[in-house]
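**Student:**
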């Protein structure tokens with residue numbers, strides 16, 4: 021049989037209700053709430069009552085005709101009934117009995133025999149009317165007039181303290197754990213130029229000139245020349261005409277010469293001159309007069325030859341050093357490389373903090389000149405070159421930010437980038453005059469599910485732990501944990517500012533291939 025219920029007055033607050041429950045000795049305590057009970061208007065009152073009654077070891081049931089009150093009671097863990105009759109017993113009246121019927125013991129009936137009373141009408145019971153008594157519930161909470169202000173102040177302070185404690189003291193930390201997914205975009209391009217674009221670019225022009233002596237390496241073969249001169253043939257025969265044929269060989273001084281042209285016929289005692297040329301080229305063919313005196317294979321002893329003058333014109337073969345085309349190209353290439361390096365070094369010294377010099381310097385056509393031309397017979401020559409180059413300096417942070425922006429714009433709508441830094445890899449695909457640069461490369465990062473944390477916190481406010489955990493299980497996360505401080509309560513804090521969310525992103529295994537863009 022259920023214990024006597026406690027009837028709650030309309031104006032009673034949570035401190036008075038808890039005190040009345042504490043004073044009763046019963047473990048099963050039904051609370052009967054009127055229709056407009058102030059206590060029954062707040063879910064928070066039921067939750068506090070649940071905490072305190074659990075510490076007291078009492079089981080409380082709520083009786084109320086209001087369905088909303090019954091629902092709040094059941095959500096807070098109490099049994100709820102519509103009427104007292106559902107408890108299985110009668111309780112104390114809210115107003116108290118106005119009168120009490122007292123049946124006195126029966127009196128003896130006057131008469132000789134008891135049998136004479138059989139036909140008599142039964143005696144009517146006497147009813148005694150007692151004075152109206154106070155309800156036990158009122159007696160339990162009644163205070164003396166002198167202490168009313170003290171109790172009222174203490175009650176107000178208690179309620180304010182409980183409310184402030186419930187609002188500002190409890191806090192909850194929600195840890196959401198997800199797995200990150202690799203995300204990569206290739207073939208990204210960023211265009212930049214001075215004064216426009218996402219990347220800050222500035223240009224500097226540098227001109228250099230150099231003169232250097234270079235050796236000629238060409239070889240020119242000069243063939244030897246033959247010596248030539250004049251000889252005189254004498255016909256010493258007395259009766260014989262002699263004709264000297266063309267090509268007749270004569271010699272002298274170890275050299276052989278050939279007659280040029282036919283001489284004669286010569287009469288006896290007659291002489292005739294002829295030109296001769298050395299058979300072999302070289303300076304050895306230059307012999308003094310009188311050296312040539314022999315006719316080779318002479319069948320006529322009376323035919324003789326003399327050399328009236330020196331032979332000349334013979335020269336040995338020679339090799340001359342000359343400038344060839346490759347010598348000019350070598351000089352041009354050497355000076356170009358020298359000046360390009362010098363310009364690059366000078367521009368590299370002008371890099372400012374946060375900048376990088378483009379590895380592609382824009383050079384103007386070189387001005388090249390030499391003091392000798394191809395084919396000149398010289399051992400060396402001087403070459404001069406003037407070269408002008410334009411260097412483009414760009415801000416590396418701007419380039420990385422531009423690639424980051426390109427990657428961010430390609431992130432799916434239901435995903436977000438993690439806190440891991442975005443990795444970029446790029447080169448300068450093109451560098452043109454005027455500081456026009458084109459960067460081409462890739463960017464990679466990690467993605468996690470996109471969650472509106474403010475919305476999540478708003479949905480968790482005032483929820484029971486079970487309901488909050490159920491709501492969190494619907495999020496696209498691997499796990500969700502709730503931790504309350506400084507003590508555990510059956511419900512989440514009543515202010516979203518007291519709820520913090522930690523978003524833990526676990527990096528995917530290294531073997532996981534990046535998601536293509």
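Numbering (the working numbering), first residue to last: 21 to 537.
Just so you know, even glycine gets a beta-carbon here, dropped at the ideal spot from N, CA and C.
Please classify residue 42: is it buried, with 16 or more other beta-carbons within 10 angstroms of its beta-carbon, or exposed?
**Tutor:** By the neighbour-count criterion, in which 16 or more other beta carbons inside 10 Å mark a residue as buried, residue 42 falls on the exposed side.
**Student:** For residue 466, which residues of its own chain have a beta-carbon under 8 Å away from its beta-carbon, when the five flanking residues on both sides are left out?
**Tutor:** 200, 201, 202, 203, 437, 438, 440, 525, 527, 528
**Student:** Which residues bound the alpha helix (DSSP H) around residue 421?
**Tutor:** 416-429
**Student:** Tell me whether the beta-carbon of residue 342 lies closer than 9 Å to the beta-carbon of residue 240.
**Tutor:** In this structure, residue 240 lies closer than 9 Å to residue 342 by Cβ.
**Student:** Using C-beta distances below 7 Å, list every residue in its chain close to residue 55, excluding the 5 sequence neighbours before and after it, in chain order.
**Tutor:** Result list for residue 55: 85, 86, in chain order.
**Student:** Taking just the CA atoms, how far does residue 40 sit from residue 28?
**Tutor:** 9 Å
**Student:** Which whole-angstrom value describes the C-beta separation of residue 575 and residue 263, a residue pair presumed to lie in contact below a C-beta threshold of 8 Å?
**Tutor:** Look at the range of the chain in this structure, 21 to 537, and you will see that residue 575 is not part of it.
**Student:** Buried or exposed: which applies to residue 495, given that a residue is buried once 16 or more other Cβ atoms fall within 10 Å of its Cβ?
**Tutor:** The Cβ neighbour count for residue 495, taken over all protein chains shown within 10 Å, is under 16; the residue is labelled exposed.
**Student:** Taking the alpha carbon of residue 80 as the point to measure from, which residue in 171, 30, 45 has its own alpha carbon closest?
**Tutor:** 45
**Student:** When you compare each of 424, 68, 330 to residue 277 by their alpha carbons, which one comes out closest?
**Tutor:** For the set 424, 68, 330, the Cα lying nearest the Cα of residue 277 is the one of 330.
**Student:** Rounded to whole angstroms, what is the Cα-Cα separation between residue 107 and residue 482?
**Tutor:** 30 Å
**Student:** Among residues of its own chain, excluding the 5 on either side of residue 261, which ones have a beta-carbon nearer than 8 Å to its beta-carbon?
**Tutor:** 255, 284, 285, 286, 287, 288
**Student:** Below 9 Å between beta carbons: does that hold for residue 462 and residue 206?
**Tutor:** Taking 9 Å as the Cβ cut-off, residue 462 and residue 206 qualify as a contacting pair.
**Student:** My output table needs one value for residue 35: the three-state DSSP class, helix, strand or coil.
**Tutor:** Collapsing the DSSP output to three states places residue 35 in a helix.
**Student:** Leaving out the 5 sequence neighbours to the left and right, which residues in its chain are closer than 6 Å to residue 455 when beta-carbon positions are compared?
**Tutor:** Closer than 6 Å at Cβ, skipping near neighbours: 213, 214, 221, 223, 412.
**Student:** Would residue 371 count as contacting chain B if we go by Cβ distances under 9 Å?
**Tutor:** Of the chains in the structure shown, none is chain B; there is only one protein chain.
**Student:** Taking the alpha helix (DSSP H) that residue 88 falls in, what are its first and last residues?
**Tutor:** 87-95
**Student:** I think residue 229 touches residue 369, with their Cβ atoms under 8 Å apart; what is that distance to the nearest whole Å?
**Tutor:** At roughly 19 Å, the Cβ-Cβ gap does not stay under 8 Å, so residue 229 and residue 369 are not in contact.
**Student:** Can you tell me whether residue 50 is helix, strand or coil according to DSSP?
**Tutor:** Looking at residue 50 - three-state DSSP - the assignment turns out to be strand.
**Student:** Beta carbon of residue 246, beta carbon of residue 327: below 9 Å?
**Tutor:** no
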